[in-house]
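Numbers 436 to 855, taken from this note's numbering, label the letters of the sequence shown in order.
Glycine included, each C-beta is placed from N, C-alpha and C at the ideal position.
Below is one structure, written out as structure tokens, with a few remarks after it.
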Amino acid sequence: MGLRGQGFHQARDGARSGDFQSKRLGTCGRRPAGKHGLLKGVWRAKGLAFLNKEQDVDGIPKPEDCTAHNRSRVGSGAVGVQVAGSAEPWSYAVSFDLKHAVASLAQSCLIAVEVEVLAGAVTIGVVEADFSTFLDEVRLERKGAASVERVELVVDVPSRAAALVVRTAERAEAPEFVIRHLRLGPVSRLHPWRRRGFHAEKEPIADLSFLLDGHADVIVDVGANVGDTVAAFSRHFPKTRILAFEPHPQVVEELVQRFAGSPEVEVHECALGAQSGRMTLHSFANSATNSLRPMADEAALYTEGAIEAMPPVEVPVRTLAEVCSGLGVEHIDILKLDTQGFERDVLAGAETLLRSGKIKIILCEVLFVPLYKGQAMHFEIASTLHGYGYQVYDYYSFRHSPDGQVKWGDAVFLKTGTRP
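Shown next, in the form of structure tokens:
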């Protein structure tokens, strides 16, 4: 949720990649010697610190190793596969099947991809079988001269990995890129904080389905962005009424188009807050980081350069209590909040609903470091909800700094007495 999926960084001097034994992906041919010198940087979504023993392995992909999507053009490059994708934001360009490659792995695995972005911006990630749940992902963009970048993706439970995908990023520009090399294998040693990952196999929405016995009447998604969480809710609760709130006009267009064939999903173009009115939405190239609060001065310490400001937008703001009254919503089974530091304000506008117990479960992004001015920290959100009779059920999807400091994650809060 939010920054979580885009928090990549370029490896600092001295950072090293994974000690792993590699396996072939598809029918990739053998890599010529001497290509390591082409690499400009190493990019990781999860800030992992591995111990490295490089091994040259088979891994140069060919066009027949991948599946093209959305009319992407795929051909052979000088080294690897060259792809020209669609300009439609978030559209998939190509995918590489991983199911066979990870079938025998019982521990965390590392997927290393060498990519040269020739134009535009792409997101590279590992997805589950539904092709919308990302287990790990990194965003790359062409800036200046083209260069080969190494992307390292980690999957804690290999059996969940269905495919390696490359898709157009949030900007409407047709990307062109070359996949030069693929490697995959079990990670033999992880940074100690990674081994502590008690949350690694837990999925919040799967837990919500368990807690509600697979049934919900109304789900409210505040900060829906392009709808990845809405799509996950739709899968787990296929007949549930889902109210998706997103304030940025361009993102709303994508959201409406994505769920045009889903009558149960209602898209509302507004922000939610403590009171109705209009506010300035601070916008960024990665729309998942848009916020009604300005970026904190310290944010750069934790985002590793992933934030690029865009023109701000004036947006309407309403309260959740007001919206529910107008839409005839008497209770909410799941309230999901991902508003980039504005969660406390949304809760303030839902006070009557919280006090009366009309919201069963809250799935909320929680921040452990300062990213936005005036944001609430995780303990403040927990304290506020405790005052309304909510308890923490569990934490999920933590993101850490390279030194292991937790930065943000998700938390599920239950109204006292809510149990399966």
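* Asked: Going by Cα to Cα distance, which pick from Val804, Tyr527, Pro593, Pro805 is closest to Val601?
  -> Translated into the one-based positions of the sequence shown, residue 601 becomes position 166. When each option's Cα is compared against that of Val601, the closest is Tyr527.
Is there contact here, the stretch 726-736 with the stretch 806-813, by at least three beta-carbon pairs under 8 Å?
yes
**OP:** Pick helix, strand or coil for Glu499, following the three-state DSSP scheme.
**Re:** Stepping through the sequence shown from its first residue, residue 499 is reached at position 64. DSSP places Glu499 in helix when its eight states are reduced to three.
Suppose the cutoff is 6 Å on Cβ atoms and the five residues either side in sequence are ignored; what does the same chain contact list for Ala635 look like?
Here residue 635 refers to the residue found at position 200 of the sequence shown. In this predicted model, Ala635 has a pLDDT of only 41, less than 50, meaning its place in the structure is not dependable; the value taken from the coordinates is given anyway. Excluding positions up to five away in sequence, the list reads Asp591.
Length of the line joining the Cα atoms of Ser594 and Gly560
Taking the sequence shown and counting its residues from 1, one reaches residue 594 at position 159. Taking the sequence shown and counting its residues from 1, one reaches residue 560 at position 125. Answer to the nearest angstrom: the Cα atoms are 15 Å apart.
(Q) Within the continuous alpha helix (DSSP H) that includes Pro639, where are the two ends? (A) Translated into positions along the sequence shown, residue 639 becomes position 204. It spans 639-646 - the alpha helix (DSSP H) in which Pro639 sits, taken as one unbroken run.
Query - Residue nearest to Pro747 in terms of C-alpha spacing, selected from His766, Ile767, Thr715, Leu707 - result: Counting from one through the sequence shown, the residue named residue 747 turns up at place 312. The shortest C-alpha separation from Pro747 is found at Thr715.
Ignoring anything shorter than 3 residues or poking outside the stretch 661-711, list the beta strand (DSSP E) runs there in chain order. 676-680, 700-703
I need the straight-line Cα distance from Ala522 to Thr568, nearest angstrom please. Numbered from 1 along the sequence shown, position 87 holds the residue referred to as residue 522. Numbered from 1 along the sequence shown, position 133 holds the residue referred to as residue 568. Taking the straight line joining both Cα atoms gives about 22 Å.
Which word fits Arg790, buried or exposed, when buried means at least 16 other C-beta atoms lie within 10 angstroms of its C-beta?
-> Within the sequence shown, numbered from 1, the residue matching residue 790 stands at position 355. Flag for Arg790 reads exposed.
- [ ] Starting from Phe531, follow the beta strand (DSSP E) in both directions and report where the run begins and ends.
- [x] As a first step, residue 531 is located in the sequence shown; it is residue number 96 there, counting from the start. From DSSP, the beta strand (DSSP E) with Phe531 extends over 527-532.
(Q) Checking 8 Å against the spacing of the C-beta atoms, do Ile614 and Pro496 come in under that value? (A) By one-based count along the sequence shown, residue 614 stands at place 179. By one-based count along the sequence shown, residue 496 stands at place 61. Yes, Cβ-Cβ distance for Ile614 and Pro496 is below 8 Å.
3 or more residues per run - each beta strand (DSSP E) lying fully within the stretch 725-787: 744-753, 767-772
key: Outcome for Ala744 when other beta-carbon atoms lying within 10 angstroms are tallied against a minimum of 16   = Residue numbering aside, residue 744 sits at position 309 when the sequence shown is read from its first letter. Exposed, by the Cβ-count rule.
- Task: Give me the Cα-Cα distance between Thr754 and Gly844, rounded to the nearest whole angstrom.
- Result: Walking along the sequence shown from the start, residue 754 turns up at place 319. Walking along the sequence shown from the start, residue 844 turns up at place 409. In a straight line, the C-alpha of Thr754 is about 25 Å away from that of Gly844.
Gln542, buried or exposed, once every other Cβ within 10 Å from all chains shown has been counted against 16: As a first step, residue 542 must be located in the sequence shown, where it is residue number 107. By the 10 Å Cβ count, Gln542 comes out exposed.
Check: Three-state secondary structure (DSSP) at Gly461?
Finding: Taking the first residue of the sequence shown as position 1, residue 461 is located at position 26. Low per-residue confidence applies at Gly461: pLDDT is 41, beneath 50, and the placement is therefore not dependable enough to give any value.
_N- and C-terminal bounds of the alpha helix (DSSP H) containing Leu820_ = Position 385 of the sequence shown, counted from the start, is the residue given in the question as residue 820. First-last of the alpha helix (DSSP H) with Leu820: 813-822.
Exercise for the section: Measure the alpha-carbon distance for His535 versus Leu619 and round it to whole angstroms. Expected result: If you number the sequence shown from 1, residue 535 lands on position 100. If you number the sequence shown from 1, residue 619 lands on position 184. Cα to Cα, the separation comes out at about 12 Å.
How would you write the range of the beta strand (DSSP E) that Ala846 sits in, first residue to last? Taking the first residue of the sequence shown as 1, we reach residue 846 at position 411. That run of the beta strand (DSSP E) goes 841-850.
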